[in-house]
Amino acid sequence: MIAMNTFKSKVEVTKQTRYIFSILGIWPMMTNNTTIIKKRVSAVMRLVCQSLLAFIIIPGLIQFYLLENLEIKLAYVAPFGIVIACAFKFTAIVNRRKEIKKCVTQIEQDWREISNENENAVMLDNFKKGERITTVCASVMYYGGISHQIMMPFLPGSIASIFDNTTKRLLVYPTNDMMFNSQITPVYEILYITHIVIGILICTILVGSCHLAILFICHILGQNQTMILKLANLTDEQVDDERKVNQRFTEIIHLHHKILEYVVDWFAIYKYIKYF
Numbered sequence: 010m011i012a013m014n015t016f017k018s019k020v021e022v023t024k025q026t027r028y029i030f031s032i033l034g035i036w037p038m039m040t041n042n043t044t045i046i047k048k049r050v051s052a053v054m055r056l057v058c059q060s061l062l063a064f065i066i067i068p069g070l071i072q073f074y075l076l077e078n079l080e081i082k083l084a085y086v087a088p089f090g091i092v093i094a095c096a097f098k099f100t101a102i103v104n105r106r107k108e109i110k111k112c113v114t115q116i117e118q119d120w121r122e123i124s125n126e127n128e129n130a131v132m133l134d135n136f137k138k139g140e141r142i143t144t145v146c147a148s149v150m151y152y153g154g155i156s157h158q159i160m161m162p163f164l165p166g167s168i169a170s171i172f173d174n175t176t177k178r179l180l181v182y183p184t185n186d187m188m189f190n191s192q193i194t195p196v197y198e199i200l201y202i203t204h205i206v207i208g209i210l211i212c213t214i215l216v217g218s219c220h221l222a223i224l225f226i227c228h229i230l231g232q233n234q235t236m237i238l239k240l241a242n243l244t245d246e247q248v249d250d251e252r253k254v255n256q257r258f259t260e261i262i263h264l265h266h267k268i269l270e271y272v273v274d275w276f277a278i279y280k281y282i283k284y285f
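Taking the numbering used here, the leading residue of the sequence shown gets 10, the next gets one more, and so forth.
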């Protein structure tokens, strides 16, 4: 095994995954390193996330049915459609939690099985690439998404322009006034802030689904490069002991089979998430 200075990278290999999916209340279902309390807290957080999404979807569907102005309906299609897509993504991730947990566990196991500094350097390089890509993706998503949520009701050429000179105060998502009047204070302000919070939730779901792809693909690349490294070492070194040669061939074949199995498992997960 490699020295203790590399153990830190092993422990933190799923750091971003833990941060992102802890917000969504899904992380305790994706790891063996959890407690009963964490599972209960995560169940509450999932319920909150689902309630926030339903808070937009249910009134939105009612409003779409009642609206007669086709132009207004079309204006709301994009923001409302993203919420529905994210609700499906969230459900797909929860439903595939066992398969995701298997892949995450395999990632952690692969890091524990690193046998030398060269393999560690290859794996760490790919891990850092994935970490940087996730950081850029999250930065763009949160900055653009939250700014959009805050400014959309007031931007020229947005939904506000359809209403022309009306005094109606607009929101990012369609709401129905059957239960309460969304135009009075403080109801409007509460709804406006709630819509921004839901925007943050939507960005987190999108970042999470992208991060899973980045994490798994970069890990597969690292494992593939590790296999190439083992093959190069096999041809470069002079090994007279037949048992050692057979052992190295066995390791390479086992690693190749594991990579293929991992790709199949990951494709089975992501084909459900990517459709939305």
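A virtual CB, placed ideally from N, CA and C, is assigned to each residue, including glycine.
Point to revise | N-terminal and C-terminal residue of the alpha helix (DSSP H) that residue 8 is part of | key: Any property of residue 8 remains undetermined from this structure, which presents the chain solely from 10 to 285.
Point to revise | As assigned by DSSP and simplified to three states, the class of residue 182 | key: When secondary structure is reduced to three states using DSSP, residue 182 falls in the coil class, being assigned neither helix nor strand.
**Study point:** Of the listed residues 57, 106, 276 and 241, nearest to residue 257 (C-alpha basis)
**Key:** Among 57, 106, 276 and 241, the Cα nearest to that of residue 257 belongs to 241.
Point to revise | residue 62 - DSSP class collapsed to helix/strand/coil | key: Note: residue 62 maps to helix in three-state DSSP.
Review point. For residue 72 versus residue 220, is the C-beta spacing smaller than 8 angstroms?
Key: Not a contact, by the Cβ cut-off of 8 angstroms.
Check your understanding: Can you give the Cα-Cα distance for residue 97 and residue 66, rounded to whole angstroms?
Key -> If I take the Cα positions, the gap works out to 12 angstroms.
Check your understanding: Is it the case that the Cβ atoms of residue 158 and residue 231 are separated by a distance below 8 angstroms?
Key -> Not closer than 8 angstroms, so no.
Check your understanding: In angstroms, rounded to a whole number, what distance separates the CA positions of residue 296 and residue 22?
Key -> Nothing about residue 296 can be reported from this structure: the residues present for the chain run from 10 to 285 only.
Review point. So the alpha helix (DSSP H) residue 90 belongs to, where does it begin and stop?
Key: 79 to 104 is the extent of the alpha helix (DSSP H) around residue 90.
Review point. Are residue 162 and residue 85 touching if we call contact CB-CB under 8 angstroms?
Key: Contact check for residue 162 against residue 85 fails: the beta carbons are separated by 8 angstroms or more.
Check your understanding: In whole angstroms, what is the alpha-carbon distance linking residue 205 and residue 199?
Key -> Looking at the two C-alpha atoms, the distance is approximately 10 angstroms.
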